[in-house]
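Chemist: Numbers 3 to 300, taken from the working numbering, label the letters of the sequence shown in order. Glycine included, each C-beta is placed from N, C-alpha and C at the ideal position. Bear in mind that the values here come from a model prediction, so they are computed numbers and not experimental data.
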Amino acid sequence: MTINILLLSFALHAQHDTVIQQELPSNAKKLKAVIISESILGIGCLGGLYGLWYADYPQSSFHFINDNDEWLGMDKAGHMMTSYYMGKVGYENLKWAGAKEKNAIWYGGLTGLAYLTTVEVFDGFSKEWGASPGDMLANSLGSALFISQQMFWSEQKIILKWSFQLTDYAQYNKAQLGSGTAQRMLKDYNGQTYWLSGNIKSLANMHSKFPAWLNVAIGYGADGMIAPKTNPDQIQGIPIPDFKRKHQFYLAPDIDLTRIPVRSKTLKLVLNAIGFIKFPMPALEITNTGIKFHPLYF
Numbered sequence: 003m004t005i006n007i008l009l010l011s012f013a014l015h016a017q018h019d020t021v022i023q024q025e026l027p028s029n030a031k032k033l034k035a036v037i038i039s040e041s042i043l044g045i046g047c048l049g050g051l052y053g054l055w056y057a058d059y060p061q062s063s064f065h066f067i068n069d070n071d072e073w074l075g076m077d078k079a080g081h082m083m084t085s086y087y088m089g090k091v092g093y094e095n096l097k098w099a100g101a102k103e104k105n106a107i108w109y110g111g112l113t114g115l116a117y118l119t120t121v122e123v124f125d126g127f128s129k130e131w132g133a134s135p136g137d138m139l140a141n142s143l144g145s146a147l148f149i150s151q152q153m154f155w156s157e158q159k160i161i162l163k164w165s166f167q168l169t170d171y172a173q174y175n176k177a178q179l180g181s182g183t184a185q186r187m188l189k190d191y192n193g194q195t196y197w198l199s200g201n202i203k204s205l206a207n208m209h210s211k212f213p214a215w216l217n218v219a220i221g222y223g224a225d226g227m228i229a230p231k232t233n234p235d236q237i238q239g240i241p242i243p244d245f246k247r248k249h250q251f252y253l254a255p256d257i258d259l260t261r262i263p264v265r266s267k268t269l270k271l272v273l274n275a276i277g278f279i280k281f282p283m284p285a286l287e288i289t290n291t292g293i294k295f296h297p298l299y300f
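#1: Would you check if the segment 166 to 177 and the segment 229 to 243 touch, i.e. whether three or more CB-CB distances between them fall below 8 Å?
#2: In the DSSP output, what is Gln236 paired with across the bridge?
#3: Confirm, please, whether the CB-CB distance from Asn192 to Tyr171 is below 9 Å.
#4: Compute the distance between the beta-carbons of Pro60 and Ser128, then report whether it is under 9 Å.
#5: Counting Cβ pairs, one atom from each stretch, are 3 or more of them under 8 Å apart for the segment 109 to 126 and the segment 144 to 154?
#6: Straight-line CA distance for Ile288 to Ala99?
#7: In chain order, what residues of the same chain have a beta carbon less than 8 Å from the beta carbon of His65, not counting five sequence neighbours either side?
#8: Quick check on Trp155: does DSSP put it in helix, strand or coil?
#9: For the beta strand (DSSP E) holding His249, just list the boundary residues, first then last.
#10: Along the chain, where does the alpha helix (DSSP H) that runs through Phe124 open and close?
#11: Roughly how many angstroms lie between the CA atoms of Ala57 and Gly89, to the nearest whole one?
#12: Name the DSSP beta bridge partners of Gln194, please?
#13: In whole angstroms, what separates the C-alpha of Phe295 from that of Ala224?
#14: Between Leu198 and Ile160, which are expected to be in contact by the criterion C-beta below 8 Å, what is the C-beta distance as a whole number of angstroms?
#15: Where does the unbroken beta strand (DSSP E) through Val264 begin, and where does it stop?
#16: Between which two residues does the beta strand (DSSP E) holding Gly292 run?
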């Protein structure tokens with residue numbers, strides 16, 4: 003699900019750059035182009051998502067589920083990040099189109115929440131799943147993180163980031179953790195880490211030559227998960243080792259790619275598009291068993 007939304011965000015960035023190159027003559031035409039393009043793209047993604055994800059499963063009356071204890075909360079971090087970046091892209095597109103600052107912040111910043119609320123409605127009418135209050139809270143927090151910073155600071159001093167590394171857990175439950183690299187990036191929460199990355203110079207209000215792209219990041223991950231809530235003893239007759247499920251916390255420096263000064267518009271577009279990825283750096287890992295140093299962690 004997260005990868006689907008990130009692809010949508012990249013497409014919005016690409017659409018934004020394409021429209022810029024067209025040099026529309028007025029703000030009204032720009033705004034119309036942005037609204038139409040994003041509406042078509044959003045509706046298309048939702049339609050495709052419904053066809054691929056929900057159409058083959060039985061429907062039911064709308065209902066809620068409590069899945070807050072699944073995957074040690076990693077899926078909630080993904081929801082928060084997705085909502086944050088869709089809001090960021092929505093805001094940037096509306097600002098380029100000439101929308102007033104407050105309108106761009108609220109209408110653009112709520113883009114992710116609106117999109118993901120629709121997904122929760124799909125879940126709520128699916129017998130297989132159900133609408134998750136925990137997911138909705140995470141979606142709201144993602145939008146709130148973007149909107150509040152833009153309202154009070156007129157910039158994003160703290161951004162959400164993501165990193166991933168392959169683990170050995172997927173082999174025990176390929177249906178839920180993925181069978182190939184692309185699927186494992188999407189499904190294997192053991193390999194994912196979500197970060198709050200704060201810009202040092204901006205947060206400290208420095209006016210010196212301190213690097214504007216240097217951040218410090220706090221990360222959250224989880225390990226030892228073969229299934230959502232508890233690990234089974236076996237899957238399809240194959241015994242599962244006794245993996246210990248645990249929370250992981252990280253502290254690491256980071257590089258904000260979007261703050262690196264570049265002249266090339268193409269390079270700037272690329273850096274903005276991949277700015278959600280945590281830059282590989284040394285890190286401290288903190289768990290209930292102690293502290294571990296990673297010379298390079300991604």
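Modeler: Answer, in terms of the structure:
#1: The segment 229 to 243 vs the segment 166 to 177: in contact.
#2: Note: Gln236 sits in a beta bridge opposite Pro241.
#3: Contact: yes.
#4: Yes; because the gap between Cβ atoms is below 9 Å, this pair is in contact.
#5: Verdict: yes, contact present.
#6: Between Ile288 and Ala99, the alpha-carbon positions lie close to 44 Å from each other.
#7: Answer for His65: Gly126, Gly132 and Ala133, listed in chain order.
#8: Coil.
#9: Segment Lys248 to Ile257, the beta strand (DSSP E) holding His249.
#10: Here the alpha helix (DSSP H) through Phe124 covers Thr113 to Gly126.
#11: Rounded to whole angstroms, Ala57 to Gly89 spans 28 Å at the Cα level.
#12: Listed as beta-bridge partners of Gln194 by DSSP are Phe166.
#13: If you take the alpha carbons of Phe295 and Ala224, they lie about 17 Å apart.
#14: About 6 Å; that satisfies the 8 Å criterion.
#15: Premise fails: Val264 is in no beta strand (DSSP E) and is neither H nor E.
#16: Run containing Gly292: Gly292 to Tyr299, per the beta strand (DSSP E) assignment.
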